[in-house]
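Just so we're aligned: 213 in our numbering is position 212 of the sequence shown, and the numbers increase by one with no gaps anywhere.
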Amino acid sequence: MDGTILVADDDRTIRTVLTQALTRAGCKVHATSSIVTLMRWVVEGKGDLVISDVIMPDGNGLDQLPKINELRPGLPVIVLSAQNTIMTAIQATEADANDYLPKPFDLPVLMKRAVRALDVKRRAPTTPPQPDTPEMAGDDLPLVGRTPAMQTLYRLIARVMNADLPVLITGESGTGKSLIARTIHDLSDRRSLPFVVATGADLETMEGPAALISKVRNGTLLFDEVADLPEEAQARIVRMLDSFGDSGPRVMATSQADLAGRLDKGAFRQDLFYRLSGVTLN
2 MDGTILVADD DRTIRTVLTQ ALTRAGCKVH ATSSIVTLMR WVVEGKGDLV ISDVIMPDGN
62 GLDQLPKINE LRPGLPVIVL SAQNTIMTAI QATEADANDY LPKPFDLPVL MKRAVRALDV
122 KRRAPTTPPQ PDTPEMAGDD LPLVGRTPAM QTLYRLIARV MNADLPVLIT GESGTGKSLI
182 ARTIHDLSDR RSLPFVVATG ADLETMEGPA ALISKVRNGT LLFDEVADLP EEAQARIVRM
242 LDSFGDSGPR VMATSQADLA GRLDKGAFRQ DLFYRLSGVT LN
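Encoded structure:
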């Protein structure tokens, strides 16, 4: 591991620990408790990687990400934050942070992320376009929690919310699968479009899929508990999805059943499984 790393954190202990660990790993480290100093180093061209806290005495690390991307395209930034909410993860992702870690963080995990960020910078630095930040206050969010499992879920939602891939959400009854689907829609760039939940009753007739398409337009179409649908309804979904081509609604599905296990027993259509499992959250 080599390179120069800029560390910005108002916690002296964290600065000391990171400086020692990164130096032992072979890196040069510049550490500061000031956003102003960090930005001066960025302007001067210092650093191959930034590791920054969010809340600092003289500013907000997330607010500086667009400026860092403008000044130094391709300079990776790892965001650390004690404000472990879904909006922090989303804001870090949308501001083009290379990675996001909630505090307290696991030092070996941070070191691995730093190695990966430096490697990405060496191989192919890019500056992807930045979507608008969803206009939703943190207090209004339906998903809350600071456990490691919730932090992982926040990062996954932040990464997939504007992807066009279908999303399959699995888990036991009562774990909030439909809530996750609705959150992804409400935070996505389709949030002003309809969110339609399709049930077995909507797929009982040949006209059902056409009615669903008319209602959802280019919004989000959720197939709730897709494993419970009969074979005929599953076949209609496959034909509907094939009709979308490169346009159409965002497709999501929920299931408390193990779809892979049902495939082995011939109890679920293989073609439907592959069409729905672009990204799996469980």
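Ideal Cβ placement from N, Cα and C applies to all residues, glycine included.
Quick one: any contact between the segment 185-195 and the segment 248-256, if contact means 3 or more CB pairs under 8 Å?
With three or more CB-CB distances shorter than 8 Å, the segment 185-195 counts as touching the segment 248-256.
Looking at L343: is its Cβ nearer than 8 Å to the Cβ of L230?
Past the boundaries of the shown model lies residue 343; the chain is included only from 2 to 283, so the question cannot be answered.
Candidates N70, E71, L63 and N99: closest to A83 by CA position:
L63
Does the separation of the CB atoms of N163 and D190 fall below 8 Å?
yes
Residues of its chain near L264, where Cβ-Cβ distance is below 7 Å and the 5 sequence neighbours each way are ignored
Q271 and F274
Contact belief for V121 with P77 at Cβ below 8 Å, rounded distance in angstroms:
That belief holds up - the Cβ atoms of V121 and P77 are roughly 6 Å apart, short of 8 Å.
Here's a check: name, in chain order, each residue in its chain whose Cβ is nearer than 6 Å to the Cβ of G60, leaving out the five neighbours to either side.
Contacts found: I36.
In this structure, does DSSP put G60 in helix, strand or coil?
strand
Taking the straight line between their C-alpha atoms, what separation do you get for M2 and A26?
6 Å
With 16 other CB atoms within 10 Å as the buried threshold, where does F269 fall?
Flag for F269 reads buried.
At the level of alpha carbons, what is the spacing between G175 and V239?
27 Å
Mapping DSSP to helix, strand and coil, what is P132?
Here the model assigns P132 a pLDDT of 41, short of 50, so the residue's position is not dependable and the matter cannot be decided.
Report yes if the C-beta distance between D225 and T206 is below 8 Å; otherwise report no.
no
Residue range of the alpha helix (DSSP H) that F245 falls in?
E232 to F245
Helix, strand or coil for P195? Go by DSSP, reduced to three states.
Shown here, P195 sits in coil according to DSSP, grouped into three states, outside any helix or strand.
Starting from the C-beta of Q257, find all residues in its chain whose C-beta is less than 6 Å away, skip the five residues before and the five after it, and write them out in chain order.
Closer than 6 Å at the Cβ level, and outside the excluded window around Q257, lie E173 and S174.
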